[in-house]
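>
Protein chains in written order, with our numbering: chain A, 18 to 228; chain W, 6 to 338.
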């Protein structure tokens, strides 16, 4: 089975709802080790995405994802704005003008998005950032594809790996972003960016479960 | 939360409306994307100075837009970096053909957004240079952090480089001067109380009545340590010492001394800090030749202060004294 354009639209809408439901939790995580705006910023961004989506819902997957990225860039602000924007823009550019895609296309898109985040944020694994969820998720997805795991299960494994990566940020000391100013005091807190990206990949796994 | 606001999500827009109505002689305000430019922008042949950052630090940056200082300011949501589309539009609006200088405080979000905006502006044929301000000595281990934060020195830089641009200096000269200022200025702050971001509704951190946070950032980011409250003289010493030893400032140096209120601390207390700071510096043979005292780079209603020292030469002093006409700073006009 392939992932259709409408599946992509449904995923974006689902994630917007997930952000709406979880923005307070994300802001609270950010209050503990950052500047208490991650949930509010993401909420503002995805509200704008929902308003923008109808103008591109008959377009190809690449156009849709790039539009999401551009909208986030102009509405989110902070570090999350450019980083999330990059994920969607690079993914959209990688997939291009397709109306449907294979799971391997998605893996490539995710890889490009993650590479963009790493370049922009100048961060590495274990810096206590969203990459700590994204890298394991990508590895798990690629492994599942190599093992011939069906799409739904492969995405589930990817989301589970993200979740584990997110939990693994708790004992880490932050080395990037505002949390890094806390030094050792950042230990014991879950990274807000790793949390919101885990929610992103969990919504992928939920919405594309039957693809 | 007890605040003079209507709805948290309307805070920045409503503030901009007030600025627009109050200062129509100085600035023009644009919405969606939001930015403030000086009333006569773009000034032909002059380098345009653009800065920006999260709201909640008023009068910085919008209050520093006008003759002799910034050409444009981009306000983000409270304590949140503005977005590249704001910066791009502001850059285009102030480009008078001599290029545009971005003054960027060193925070992950601000740096990323300004970087993207600068790329977009260059793609549209505008010459853009960026200068990062990172004067906060409270951040000790800059290898394992996002680096030193941009704080009080930003205000002094915007004034001095603003005067240089007004004189007609080139983009490169303005950028070099800004980097020189960044090299010669250091700051450190402290908080007596926390602050509450409107859309969060509760204090950014919890600080007991009898404690203070030394080395606080302007968004309530923590500093070096939390310790029991001390008298003003002792606190002033705790701020001056790490600043002086960091550069280091030496006997015979002439400095601008900037004693800033974090928002909630009144002038009466700032003068107490100023007096002690002058005394401590004099004992080290460092001469305060100019000063700035008041709330210029604030952190909402946070009580506390920050001290900034800038080692100056004759050229910088001349530019410091040059006329400035903005809502937040005005002299010589």
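Think of the CB as a built atom: it goes at the ideal place given N, C-alpha and C, for glycine as much as any other residue.
(1) Please tell me whether residue 43 of chain A has its Cβ less than 9 Å away from any Cβ of chain W.
(2) How should residue 187 of chain A be labelled, buried or exposed, when 16 other C-beta atoms within 10 angstroms of its C-beta is the threshold for buried?
(3) If we call anything under 9 Å between Cβ atoms a contact, is residue 142 of chain W one with residue 150 of chain W?
(4) Spatial neighbours of residue 106 of chain A within its chain, please: CB distance less than 6 Å, with the 5 preceding and 5 following residues excluded, ordered by chain position.
(5) Looking at the structure shown, is residue 28 of chain A part of a helix, part of a strand, or coil, going by DSSP?
(6) Per DSSP, what are the beta-bridge partners of residue 231 of chain W in this structure?
(7) Could you check what DSSP says for residue 63 of chain A in three-state terms: helix, strand or coil?
(8) Could you tell me whether the Cβ of residue 58 of chain A comes closer than 9 Å to any Cβ of chain W?
(9) Mind listing which residues of the segment 90 to 110 of chain A have their C-beta closer than 8 Å to chain W's C-betas, in chain order?
(10) Pick helix, strand or coil for residue 67 of chain W, following the three-state DSSP scheme.
(11) Just how far apart, CA to CA, sit residue 331 of chain W and residue 69 of chain W?
(12) Find the nearest neighbour of residue 244 of chain W within the set W/193, W/233 and W/215, judged by alpha-carbon distance.
(13) Check the Cβ of residue 17 of chain W against every Cβ in chain A and list those closer than 8 Å, keeping chain order.
(14) Apply the 10 Å Cβ neighbour rule to residue 101 of chain A and answer buried if 16 or more other Cβ atoms are within range, or exposed otherwise.
(15) Can you check whether the C-beta of residue 4 of chain A is within less than 9 Å of a C-beta belonging to chain W?
(16) Using the Cβ count rule (16 or more neighbours within 10 Å means buried), how would you classify residue 273 of chain W?
(17) Quick one, which residues of the segment 73 to 105 of chain W are near chain A if we go by CB-CB under 9 Å, in chain order?
(18) On the CB-based measure, 16 or more other CB atoms within 10 Å of its CB, does residue 127 of chain W come out buried or exposed?
(19) If we define contact as Cβ-Cβ less than 9 Å, is residue 207 of chain W a contact residue for chain A?
(20) Counting C-beta neighbours from all protein chains within 10 Å, is the total for residue 91 of chain W 16 or more, i.e. buried, or is it exposed?
(21) Looking at the structure shown, is residue 252 of chain W part of a helix, part of a strand, or coil, going by DSSP?
(22) Examine chain A for any beta-carbon lying closer than 9 Å to the beta-carbon of residue 332 of chain W, and answer yes or no.
(23) Measuring only the C-alpha atoms, how far is residue 23 of chain W from residue 33 of chain W?
(24) Using a Cβ cut-off of 7 Å, which residues of the segment 49 to 66 of chain W contact any Cβ in chain A, in chain order?
(25) Would you kindly report the start and end of the unbroken alpha helix (DSSP H) that includes residue 106 of chain W?
(26) Specify the secondary structure class of residue 21 of chain A as computed by DSSP and reduced to three states.
(27) Can you list the residues of chain W that residue 137 of chain A reaches, using a CB-CB cut of under 7 Å?
(28) Would the segment 250 to 268 of chain W and the segment 296 to 313 of chain W be scored as touching if the rule is three or more Cβ pairs under 8 Å?
(29) Determine the extent of the alpha helix (DSSP H) in which residue 52 of chain W is found, giving its start and end residues.
(30) Measuring CB to CB, does residue 199 of chain A end up less than 9 Å from residue 211 of chain A?
(31) Quick check: what's the CA-CA separation for residue 329 of chain W versus residue 113 of chain W?
(32) For residue 330 of chain W, write down the residues that DSSP places opposite it in a beta bridge.
(33) Along the segment 196 to 222 of chain A, what residues have a CB closer than 8 Å to any CB found in chain W?
(34) Of all Cβ atoms in chain W, is any one closer than 9 Å to the Cβ of residue 24 of chain A?
Quick look at the numbers:
(1) Taking the first residue of the first chain as 1, we reach residue 43 of chain A at position 26. Taking Cβ atoms only, chain W never reaches closer than 9 Å to residue 43 of chain A, which makes this a no.
(2) As a first step, residue 187 of chain A is located in the first chain; it is residue number 170 there, counting from the start. By the neighbour-count rule (16 or more Cβ atoms within 10 Å), residue 187 of chain A is not buried but exposed.
(3) Translated into positions along the second chain, residue 142 of chain W becomes position 137. Translated into positions along the second chain, residue 150 of chain W becomes position 145. For residue 142 of chain W and residue 150 of chain W, no; Cβs fall outside 9 Å.
(4) The residue given as residue 106 of chain A occupies position 89 in the first chain. 83 and 86, listed in sequence order.
(5) Your numbering for residue 28 of chain A matches position 11 in the first chain. Three-state DSSP puts residue 28 of chain A in a helix.
(6) On the second chain, position 226 is the one that residue 231 of chain W refers to. Beta-bridge pairing links residue 231 of chain W to W/218.
(7) Stepping through the first chain from its first residue, residue 63 of chain A is reached at position 46. In this structure, residue 63 of chain A counts as helix in the three-state DSSP scheme.
(8) As a working mapping, residue 58 of chain A is identified with position 41 in the first chain. Yes, residue 58 of chain A lies at the interface with chain W (some Cβ there is under 9 Å from its Cβ).
(9) 90, 91, 92, 93, 94, 95, 96, 97, 98, 99 and 100
(10) Taking the first residue of the second chain as position 1, residue 67 of chain W is located at position 62. Note: residue 67 of chain W maps to helix in three-state DSSP.
(11) For the purposes of this step, residue 331 of chain W is taken as residue 326 along the second chain, with counting starting at 1. For the purposes of this step, residue 69 of chain W is taken as residue 64 along the second chain, with counting starting at 1. Whole-angstrom Cα-Cα distance: 5 Å.
(12) By 1-based counting over the second chain, the position of residue 244 of chain W is 239. Taking only the C-alpha atoms, the option nearest residue 244 of chain W is W/193.
(13) Within the second chain, the letter at position 12 stands for residue 17 of chain W. Result: empty, since nearest Cβ-Cβ is about 11 Å, beyond 8 Å.
(14) Looking up residue 101 of chain A in the first chain gives position 84. Its Cβ being crowded by 16 or more others within 10 Å, residue 101 of chain A is buried.
(15) The structure shown does not extend to residue 4 of chain A, since chain A is modelled only from 18 through 228, so no value can be given for it.
(16) Within the second chain, residue 273 of chain W is the residue found at index 268, counting from 1. Counting C-beta atoms within 10 angstroms of its own C-beta, residue 273 of chain W has fewer than 16 neighbours from the protein chains shown and is therefore classed as exposed.
(17) 81, 82, 83, 84, 85, 86, 87, 88, 89, 90 and 91
(18) Taking the second chain and counting its residues from 1, the one referred to as residue 127 of chain W is at position 122. When all chains shown are included, residue 127 of chain W counts as exposed.
(19) Reading the second chain from its first residue, position 202 is the one you call residue 207 of chain W. At least one chain A Cβ lies under 9 Å of residue 207 of chain W.
(20) Residue 91 of chain W sits at position 86 when you count from the first residue of the second chain. Buried is the call here.
(21) Within the second chain, the letter at position 247 stands for residue 252 of chain W. Residue 252 of chain W: coil per DSSP, three-state reduction.
(22) Here the question's residue 332 of chain W lines up with position 327 in the second chain. No, its Cβ sits nowhere closer than 9 Å to a Cβ of chain A.
(23) Looking up residue 23 of chain W in the second chain gives position 18. Looking up residue 33 of chain W in the second chain gives position 28. Near 12 Å, if we compare the C-alpha coordinates of residue 33 of chain W and residue 23 of chain W.
(24) none
(25) Here the question's residue 106 of chain W lines up with position 101 in the second chain. Careful: residue 106 of chain W lies outside any alpha helix (DSSP H), inside the beta strand (DSSP E) at 105 to 110.
(26) Indexing the first chain from 1 puts residue 21 of chain A at position 4. Looking at residue 21 of chain A - three-state DSSP - the assignment turns out to be strand.
(27) Locating residue 137 of chain A in the first chain gives position 120, where the first residue counts as 1. Chain W residues near residue 137 of chain A: 117.
(28) yes
(29) Locating residue 52 of chain W in the second chain gives position 47, counting from the first residue. It is not in any alpha helix (DSSP H) - residue 52 of chain W carries neither H nor E in the DSSP assignment.
(30) Position 182 of the first chain, counting from 1, holds the residue named residue 199 of chain A. Position 194 of the first chain, counting from 1, holds the residue named residue 211 of chain A. No, Cβ-Cβ distance for residue 199 of chain A and residue 211 of chain A is not below 9 Å.
(31) Start at 1 with the first residue of the second chain, and residue 329 of chain W comes out as number 324. Start at 1 with the first residue of the second chain, and residue 113 of chain W comes out as number 108. If I take the Cα positions, the gap works out to 30 Å.
(32) Along the second chain, one-based indexing puts residue 330 of chain W at 325. Paired residue(s): W/72 and W/335.
(33) 197, 198, 199, 200 and 202
(34) For the purposes of this step, residue 24 of chain A is taken as the residue at position 7 of the first chain. Answer no: the Cβ-Cβ gap between residue 24 of chain A and chain W never drops below 9 Å.
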